[in-house]
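According to the working numbering, the sequence shown is numbered sequentially starting from 8. I have placed the structure first, in the form of structure tokens, so that the comments after it can refer back to it.
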Amino acid sequence: MQTRHFLAVAAIGSIANAAHAQSSVTLYGIIDNGIAYVNNIGGAHAVQASTANLYGNRFGLKGAEDLGQGLKAVFTLEGGFNGFSGRSGQGSREFGRQAYVGLSDARYGTLTLGRQYDPLVDTVANFSAQNEWATDYAAHPGDADNLDGSFRINNAVKYVSPTYAGLQFEALYGLSNQASAGNGAGFSNNRAYAASASYANGPLNFAVAYLKLNNPGAANNTSGAVSGDYGGTLYVSPQSGAAASSDAVIATGGTYAIGKATLGAVYSNVKLSYFDQTSLHLDNYEINGQYQLTPALLLGIAYTYTDGKSNLLSGTQRPRYHQAELGTNYSLSRRTSVYLVGIYQQAAGDAKNAEIAELDQASSTNKQILIVAGLKHSF
């Protein structure tokens, strides 16, 4: 009797251990806070508490369940927050950074459904200095190309292929959740679609991606593919303040590692059209480099030239921007680091006022300087 009881307990324990081995849930997060100095905001200098600089603050859960024969169920729930006030980010959403569930198979790829990053953010953005060491302030003007991930895609269905000889493909469709064919409405009203291809082989990494938003600024559909966090100076017409009727981005970039150094380049083309029949085109050209001086100390430098064309009802304007970044990141441990980054932007052409991205506060002149220092901890 005692032997049978022992065997039964052992069998139950084995089943429980097997189930535990087949499933996993991970709690994780990042908090990144610092202090920023700006030499000119509307004619005055400022010293500000600055959060989510090097990495976006987050608190999340992710998990996987083994369904057998190589198939897994996966999920991620991830919320952003302000590290100084504690308030939720991304339009006060509880899980505003990511919220999705899906199926994954090493042979066939991964299919996910929910609020997700677009393929540009997944691929090309990784080669930009802003996502490596230069902080969000180093984003291209207005983050109009979304390489800094200023907005996510709601109602998204995304497929990521397995890697074939270094090649990987992504495709995403964000539903409008609208069926009416009425004036200014319809299936395409506030929808998104995107795709990318990436390649990795030793020291070389490369990607190209495309994103298209239809009626992203539609006031009559706030439950579509983008809402709440789709906003900023460049997403409305400078002529009348009209919202964007179309937003198309094509971007490419890559890096090449040579010993302790990594050289990178990124190009993005943005075409924004507005409901008042005006438009804005931006070409961003970025070169960057980083050097791992010691296992703990990273040095970085970058330069971006932005060439713009604004088609207004009153005529054409050619705004241009030059932006340079210099920074360093020192790892105190595997999870904790400190950083110091300086950014200089100069407006040229028909652009009269410098305005560093994410700061969203213009200088009274064509020049603006920002210096930010901070501490990042991940868990």
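Quick reminder that beta carbons are idealized off the backbone N, C-alpha and C, glycines included. Just so you know, these numbers come straight off a predicted model, no measurement behind them.
For the stretch 268-300, which segments carrying the beta strand (DSSP E) assignment without a break, of at least 3 residues, lie completely within its bounds, in sequence order? 268-281, 286-299
Assumed close pair Gly231, Tyr242 - CB separation to whole angstroms, cut-off 8 Å: Locating residue 231 in the sequence shown gives position 224, where the first residue counts as 1. Locating residue 242 in the sequence shown gives position 235, where the first residue counts as 1. The pair is not a contact, with the Cβ atoms about 15 Å apart (cut-off 8 Å).
Proximity winner among His52, Tyr62, Val128, Gly67, relative to Gly41 (alpha-carbon distances): Working through the sequence shown from its first residue, we reach residue 41 at position 34. It is Tyr62 whose Cα lies nearest to the Cα of Gly41.
For His147, count the other beta carbons within 10 Å of its own beta carbon; 16 or more makes it buried, fewer makes it exposed. Which is it? Locating residue 147 in the sequence shown gives position 140, where the first residue counts as 1. So His147 counts as buried.
DSSP bridge partner residues for Glu408 (one or two, in chain order): Beyond the ends of the chain as shown, which are 8 and 386, falls residue 408; an answer cannot be given.
Comparing alpha-carbon positions, which option in Leu304, Asp125, Ser203 lies nearest Gly260? Walking along the sequence shown from the start, residue 260 turns up at place 253. Among Leu304, Asp125, Ser203, the Cα nearest to that of Gly260 is on Ser203.
Given that a residue counts as buried once 16 or more other Cβ atoms are within 10 Å of its Cβ, and exposed if not, what is Leu220? Numbered from 1 along the sequence shown, position 213 holds the residue referred to as residue 220. Buried is the call here.
Alpha helix (DSSP H) runs wholly inside the stretch 299-350, at least 4 long, in chain order: none
I think Asp236 touches Ser157, with their Cβ atoms under 8 Å apart; what is that distance to the nearest whole Å? The count along the sequence shown starts at 1 and reaches residue 236 at position 229. The count along the sequence shown starts at 1 and reaches residue 157 at position 150. Indeed, because the Cβ distance is near 7 Å, the residues count as touching under 8 Å.
Which listed residue (Val81, Thr58, Ile48) has its alpha carbon closest to that of Val32: Taking the first residue of the sequence shown as 1, we reach residue 32 at position 25. Among Val81, Thr58, Ile48, the Cα nearest to that of Val32 belongs to Val81.
To the nearest angstrom, report how far apart Ala141 and Ile48 are at their CA atoms. On the sequence shown, residue 141 is found 134 positions in, with the first residue counted as 1. On the sequence shown, residue 48 is found 41 positions in, with the first residue counted as 1. Between Ala141 and Ile48, the C-alpha separation is close to 21 Å.
Val277 and Glu293 closer than 7 Å at C-beta: As a working note, residue 277 is residue 270 in the sequence shown. As a working note, residue 293 is residue 286 in the sequence shown. It is not a contact, given that the beta carbons lie outside the stated cut-off.
Could you spell out the range, first to last residue, of the beta strand (DSSP E) harbouring Leu34? Residue 34 sits at position 27 when you count from the first residue of the sequence shown. Leu34 -> beta strand (DSSP E) spans 30-48.
Own chain, CB closer than 8 Å to Gln284, minus 5 neighbours either side, in chain order: Position 277 of the sequence shown, counting from 1, holds the residue named residue 284. Hits under 8 Å: Leu320.
By alpha-carbon positions, which one of Gly96, Asp73, Tyr144 ends up nearest to Gly334? Position 327 of the sequence shown, counted from the first residue, corresponds to residue 334. When only C-alpha atoms are compared, the closest one is Tyr144.
Rounded C-beta distance between Val108 and Gly87? I'm assuming under 8 Å. As a first step, residue 108 must be located in the sequence shown, where it is residue number 101. As a first step, residue 87 must be located in the sequence shown, where it is residue number 80. Val108 to Gly87, Cβ: 19 Å. No contact.
Spatial neighbours of Tyr337 in its chain, beta-carbon cut-off 7 Å, leaving aside the 5 residues before and after: Counting from 1 along the sequence shown, the entry for residue 337 is found at position 330. Taken in chain order, the residues that qualify are Ala303, Leu304, Ser344, Val345.
Endpoints, beta strand (DSSP E) assigned at Leu382: For the purposes of this step, residue 382 is taken as the residue at position 375 of the sequence shown. First-last of the beta strand (DSSP E) with Leu382: 374-385.
Length of the line joining the Cα atoms of Leu218 and Leu74: Position 211 of the sequence shown, counted from the start, is the residue given in the question as residue 218. Position 67 of the sequence shown, counted from the start, is the residue given in the question as residue 74. One C-alpha to the other measures close to 33 Å.
Kindly indicate the opening and closing residues of the alpha helix (DSSP H) around Leu127. As a first step, residue 127 must be located in the sequence shown, where it is residue number 120. Counting along the chain, the alpha helix (DSSP H) containing Leu127 begins and ends at 126-129.
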